[in-house]
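This report concerns only the one structure given below.
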Amino acid sequence: MDGLIGQSDGAIRLAVFLSVFLVMALIELGWPKRPLHASKRRRWLTNVGISVTGSIVLRLMAMLAVPIAAVAAALYAEQHQIGLLNHVAWPAWIKIVLALLALDLAIWVQHLASHKIPLFWRLHKVHHADRDIDVTTAVRFHPVEIALSMLWKIVVVVPLGAPPLAVFLFEVILNACAMFNHANIALPAWLDGALRVAIVTPDMHRVHHSVLWREHDSNYGFNLSVWDRLFRTYTPQPEKGHQGMTVGLTPYQTAAPTRFGWSLLLPFRGSIPSPGPEQSSGPPSPAR
210 MDGLIGQSDG
220 AIRLAVFLSV
230 FLVMALIELG
240 WPKRPLHASK
250 RRRWLTNVGI
260 SVTGSIVLRL
270 MAMLAVPIAA
280 VAAALYAEQH
290 QIGLLNHVAW
300 PAWIKIVLAL
310 LALDLAIWVQ
320 HLASHKIPLF
330 WRLHKVHHAD
340 RDIDVTTAVR
350 FHPVEIALSM
360 LWKIVVVVPL
370 GAPPLAVFLF
380 EVILNACAMF
390 NHANIALPAW
400 LDGALRVAIV
410 TPDMHRVHHS
420 VLWREHDSNY
430 GFNLSVWDRL
440 FRTYTPQPEK
450 GHQGMTVGLT
460 PYQTAAPTRF
470 GWSLLLPFRG
480 SIPSPGPEQS
490 SGPPSPAR
């Protein structure tokens, strides 16, 4: 199984990604939650372009003998018996479940840090600058943030000794859940309520993309909803409702975030920003 994962994980992940992306995009066409502000074509080209750029950066790093893949790190740790779970005689399924939970918590912590630490917020605000939220917002992460996120996962995977299968499953689940909870789809209230007991739903995560700081500073989960409830960062609904709320960051309520070059260069403009309320409230800045 580990050999198969090492050889085929990229192809399997891509197949799942494209399948979930297509399903979410089709549901958005039939049952959209909110009208979009910007041209879908322009936004999609920019958001997907940013994602492709991030993938290219990771491939280039691999070509330069800088391996940066969580699954590869898990395989290495297993082969060299590094990490906690490689030294306990527990059933494989228990190790997998524990690793999935630990990795999900690690991503929650990383997401929180990307909002609280100014240097990381500089990168992460590219994601939040999107004035709309749909399935493509799930892949709108700056290439540098993508690389740092992968490094963070490796930092967790190796000392934990996470099984390669668990890491592979987590990567697939993370991508699928991110596309689901960013999707602009209208779920029935009863279904949303039932799902968010366990996982992050589109309505739950949309609150996190609000321009209002008290809403923006909540709902950090990507997969499981338990962490926000446990750490008291859970906000059930936006103050102005899902139709009345404003998505994005107030300084960037312009067409600028739909531009590819502008979005890639955003982290390098000006001084290091504060990740506090002024990023989500206040007068808009002119597009540059």
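In our numbering, the protein residues as written are 210 to 497.
Here a beta-carbon is modelled for each residue, glycine too, at the ideal position from N, C-alpha and C.
Query, Result
"Can you give the Cα-Cα distance for residue 414 and residue 369, rounded to whole angstroms?", "28 angstroms"
"Assuming residue 305 is part of the alpha helix (DSSP H), what are its boundary residues?", "301-325"
"Going by C-alpha distance, which of 308, 360, 455 is nearest residue 373?", "308"
"So residue 428 packs on residue 383, CB below 8 angstroms; how close in whole Å?", "The Cβ separation is near 16 angstroms, so there is no contact."
"Alpha carbon to alpha carbon, what distance is there between residue 472 and residue 286?", "36 angstroms"
"In whole angstroms, what is the alpha-carbon distance linking residue 461 and residue 474?", "14 angstroms"
"Can residue 457 and residue 417 be called in contact, C-beta distance under 8 angstroms?", "no"
"Could you give the C-beta distance for residue 237 and residue 367, rounded to a whole number, given that I count them as a contact under 8 angstroms?", "At roughly 38 angstroms, the Cβ-Cβ gap does not stay under 8 angstroms, so residue 237 and residue 367 are not in contact."
"Which term fits residue 510, buried or exposed, when burial requires 16 or more other beta carbons within 10 angstroms of its beta carbon?", "This structure does not reach residue 510, given that the chain is present from 210 up to 497, and the question cannot be answered."
"Between 314, 293, 380, which lies nearest to residue 304 when the distance is taken from Cα to Cα?", "293"
"Using C-beta distances below 6 angstroms, list every residue in its chain close to residue 389, excluding the 5 sequence neighbours before and after it, in chain order.", "none"
"Can you name the residues that DSSP bridges to residue 433?", "408"
"Pick out whichever of 468, 478, 477 has its Cα sitting closest to the Cα of residue 339.", "468"
"Kindly give me the distance between the Cβ atoms of residue 361 and residue 319, rounded to whole angstroms, as I take these residues to be in contact under 8 angstroms.", "5 angstroms"
"Name the residue from 380, 441, 349 whose alpha carbon lies nearest to the alpha carbon of residue 260.", "349"
"Once the 5 residues before and after residue 375 are set aside, which same chain residues still bring their CB inside 6 angstroms of it?", "305, 308, 309"
"In chain order, which continuous runs of the alpha helix (DSSP H) of length 4 or greater are located wholly inside the segment 243-287?", "249-272"
"Enumerate, from N- to C-terminal direction, the unbroken alpha helix (DSSP H) stretches of 4 or more residues contained entirely within the segment 367-409.", "373-391, 398-404"
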